[in-house]
Amino acid sequence: MASSSADRGRSRLRLVAWALGVAAALACPWVLGEGYHLHLVIMSLIFAIAAASLGLIVGYAGLLSLGHTAFFGLGAYVSALLFLHGGVPLWGGMLAGATVAAAVAFLLGRAILGVRGHRFVIVTVAFAEIMRLVAYNWVDVTRGPQGLPGILAPTLALPGLGAIDFAAKTNFYYLALAVAFACIALLSRIARSPLGWGFLALRENEQLGESIGVGAFRHAMLAFVIGAFFAGIGGALYAHYLNIVSPDVFFFSNTTMLLVMVVMGGLGTIVGPVVGAFVFTALPEYLRVASDYRLVFFGSLLIVAVLFFPRGLVELGERVAAAWRHFAGRR
Amino acid sequence: MVELIAQFAVNGLIVGLNYSLTAIGLTMIFGIMNIANFAHGQFYMLGGFFAYFLAQALGLNYFVALAVAVVAVACVGWAFERLVFTRLRRATLLSSVLATIGIGILLEALAHVVWGPQPENIPAPFSPIAVEIGPVYLTESRIFAFLTTIATLVALQLFLARTRFGTAMRAAFQQQEAALLVGIDVDRLHAFTFALGAGLAALGGALLGTLFSVYPTMGDLATLKAFIVVILGGLGSIVGATIGGLILGVAEGLGTMVASAWKDAVGFLLVILILLYKPDGLFKR
């Protein structure tokens with residue numbers, strides 16, 4: 001049958017793509033060296049976690065959260081404080097940071113997820129700003145604007161093999177790769193589960209969703225809390241990679257950047273925000289040549305994209321793929 | 332002590348009136364166009380910089396510069412409505428919010444390119460010596476900001492109550508579909524609303540910029556505060572925005588007395604309290 005052979009061809013293609021992707025990911029440090037480019041890839045991986053988690057909230061559940069960086073920052077601060085005061089390494093910090101972020105999201109969600117829409121949007125912004133003010137002014141704990149330096153990357157002792165020191169950039173790269181891969185795999189698993197369908201139902205038509213048993217409030221809450229949890233993981237990774245965290249992580253511009261990654265990458269997908277994270281971590285850096293005009297370009301790009309490519313890079317890819325299939329089919 | 336409290340309260344009242352001015356523009360855009368305008372603070376910032384530019388670089392009279400700046404920013408708002416928001420009329424909340432964020436980034440970056448990051452002072456013909464009025468001391472610039480804002484609010488109220496276009500705006504506020512049914516021109520209405528909202532924000536920015544200073548990132552906090560005021564007063568309520576602004580201003584003014592570092596947190600705490608106990612705002616429309 002024609003369709004089954006096409007399926008087999010497609011699955012083979014997917015296998016090849018996977019193999020190439022894994023090979024490229026593993027070879028990255030050798031190709032890029034230890035320098036600035038590898039740094040950008042590591043940052044991209046960290047932001048990919050945050051963007052994918054925001055993708056679940058915005059792209060699937062349709063909740064426009066403009067405070068996502070608050071959960072990222074919470075993860076960063078919690079893991080930083082645990083490390084500095086209790087010597088807890090990244091592993092524990094990641095779990096604790098993510099848990100605290102999720103718990104705070106739950107409390108916030110209880111207050112504001114009852115009515116979704118504009119008010120939710122505005123309150124999430126206000127919440128991130130409150131977090132920034134707390135980090136800025138609670139000097140006894142956070143050292144205020146100076147931030148918390150000295151958050152070291154962990155080492156991992158392997159019996160018989162010695163210890164891996166993740167302070168080395170190449171090693172941290174593999175760590176970030178593993179964590180990002182795990183998080184993104186989990187997020188896309190959730191997105192394709194019945195829970196993910198529930199999120200989509202919430203986004204598309206709340207009343208219809210309720211009528212087939214998709215509790216709107218419950219699903220909104222789950223998306224919000226799960227998203228915050230993964231953002232917390234990303235934040236902990238960020239703190240231990242850069243060795244410092246400051247109140248700047250709570251800036252509204254960070255949320256904006258994550259949102260751009262999600263929307264330009266593609267709403268309603270997990271892979272879109274990941275692609276978006278790589279593009280929009282690298283792009284501003286390479287645009288640095290035009291330093292002052294960087295944000296002029298960026299703002300304009302955002303407006304143009306909203307007007308003409310509302311579904312992002314994934315839409316662009318789909319169009320190219322469709323054109324290719326059309327061409328191949330005719331041959 | 333009483334004098335001190337009065338002084339901080341009056342200072343807060345003047346800043347609060349300014350918040351009202353900015354927030355009214357925001358709530359009008361929201362009520363009529365159903366857009367949460369995250370670029371609102373950038374129109375506010377632009378008002379300050381235009382006034383600075385006209386008065387400093389072109390040497391215009393301060394009062395003329397103020398008026399021209401407001402009209403110019405209104406034109407910028409009008410242009411963005413025509414170029415961007417007309418095309419997004421049936422778009423989702425997400426698209427319109429993203430578009431306003433894009434406009435905000437663009438305007439702030441342009442201001443940064445043109446005027447640089449450092450704070451600038453708008454040259455104004457006011458004496459720096461404070462005048463004693465009863466128990467409080469006020470500078471001329473504060474008195475001017477106070478009177479101008481009051482006059483603008485009164486004029487706005489008269490416009491909405493007495494003119495044909497103002498009536499159309501109020502109608503659209505209450506019942507969008509019904510307003511369309513009786514033949515109100517949506518294109519004109521939306522363009523005018525956005526221009527008016529941007530102009531009110533610009534006046535706010537130019538007046539507060541005269542009291543303090545103007546710098547490219549001044550709009551960020553202004554947007555957040557305008558949203559706080561709008562939530563306090565109830566989304567889409569003009570009266571609510573006016574009173575909400577006063578509440579926020581006075582609360583901040585008194586907050587400064589207690590702990591000035593936490594001054595900006597006052598508004599956000601107020602919002603959380605309001606949302607917990609009166610989720611529709613203090614003055615639901």
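Protein sequence lines correspond, in order, to chains A and B.
Residue 1 is where the first sequence starts when you use the numbering used here, and the numbers rise one by one after that.
Residue 332 is where the second sequence starts when you use the numbering used here, and the numbers rise one by one after that.
Ideal Cβ placement from N, Cα and C applies to all residues, glycine included.
Source: prediction; values computed, not measured.
| query | result |
| --- | --- |
| Cβ of B:W593 less than 8 Å from any chain A Cβ? | yes |
| Assuming A:V78 is part of the alpha helix (DSSP H), what are its boundary residues? | 68–86 |
| If the cut is a Cβ gap below 7 Å, which residues of chain E does B:D551 touch? | Among the protein chains in the structure shown, which are A and B, there is no chain E. |
| One question on the structure: do A:L74 and A:A223 come within less than 8 Å of each other, judged by their Cβ atoms? | no |
| Please list the residues of the stretch 52–69 of chain A that have a C-beta atom closer than 9 Å to any C-beta atom in chain B, keeping them in chain order. | V58, G62, L64, L66 |
| Could one say the Cβ of B:V404 lies closer than 8 Å to chain A's Cβ atoms, at least one of them? | no |
| Decide if A:A322 is buried, meaning its Cβ has at least 16 other Cβ atoms within 10 Å, or exposed. | exposed |
| Counting only beta-carbon separations shorter than 8 Å, does B:L437 have a partner in chain A? | yes |
| Can you list the beta strand (DSSP E) stretches of 3 or more residues lying completely in the stretch 159–243 of chain A, in chain order? | 162–165 |
| Is B:E451 helix, strand or coil by DSSP? | strand |
| Buried or exposed: B:N365, going by 16 or more other Cβ atoms within 10 Å of its Cβ? | exposed |
| Identify the continuous beta strand (DSSP E) that holds B:L464 and give its terminal residues. | Per the sequence presented here, residue 464 of chain B reads as Ile, with Leu not at that position. 462–464 is the extent of the beta strand (DSSP E) around B:I464. |
| Which stretch, first to last residue, makes up the alpha helix (DSSP H) that contains B:L357? | 333–364 |
| How many Å lie between A:L313 and A:I190 at the Cα? | 22 Å |
| Just checking, does the stretch 394–413 of chain B make contact with the stretch 457–472 of chain B on the three C-beta pairs under 8 Å criterion? | no |
| Once the 5 residues before and after B:V617 are set aside, which same chain residues still bring their CB inside 8 Å of it? | Any question about residue 617 of chain B goes unanswered here, given that chain B covers just 332 to 616. |
| Here's the rule: buried if 16 or more other CB atoms are within 10 angstroms of the residue's CB, otherwise exposed. What is A:G93? | buried |
| Distance cutoff 8 Å, beta carbons only. Does B:F599 sit that close to anything in chain A? | yes |
| What residues from the stretch 130–147 of chain A come within 7 Å of chain B, judged by C-beta to C-beta, listed N to C? | I130, L133, N137 |
| Let me know the secondary structure DSSP gives A:T155 once reduced to three states. | strand |
| Any heavy atom of the ligand HEM within a distance shorter than 7 Å of the CB on B:I432? | Because no ligand of any kind appears in the structure shown, any question about the ligand HEM cannot be addressed here. |
| Buried or exposed: where does B:E508 fall if 16 or more other Cβ atoms within 10 Å of its Cβ makes it buried? | exposed |
| Please name the residue, chosen from B:V602, B:V561, B:G567, B:A590, that lies closest to B:Y350 on a Cα-to-Cα basis. | B:V561 |
| Let's test the definition: count the other Cβ atoms within 10 Å of the Cβ of B:K556 and tell me whether it reaches 16, buried, or not, exposed. | buried |
| Let me check understanding here. Comparing Cα to Cα, which of B:G565, B:T554, B:L527, B:G584 lies closest to B:L491? | B:L527 |
| Just to confirm my understanding: we take A:L187, look at its own chain, exclude 5 residues before and 5 after, and list those with CB closer than 7 Å. What are they? | A52, S53, L56, F230, I270 |
| In this structure, what does DSSP give as the bridge partners for B:V545? | B:E451 |
| According to DSSP, is B:L469 helix, strand or coil? | strand |
| Specify the secondary structure class of A:V16 as computed by DSSP and reduced to three states. | helix |
| Chain A partners of B:R418, CB-CB under 7 Å? | L307 |
| Going by C-alpha distance, which of A:G86, A:A105, A:Y77, A:L63 is nearest A:G97? | A:Y77 |
| Using the beta-carbon count (16 or more within 10 Å), is B:F394 buried or exposed? | exposed |
| Does B:G535 come out as helix, strand or coil in the three-state DSSP assignment? | helix |
| Should A:I212 be labelled buried (16 or more other beta-carbon atoms within 10 Å of its own) or exposed? | exposed |
| Looking at A:H39 and A:A50, is the spacing between their C-beta atoms short of 8 Å? | no |
| The stretch 370–401 of chain B: which residues have C-beta closer than 7 Å to a C-beta of chain A, in chain order? | none |
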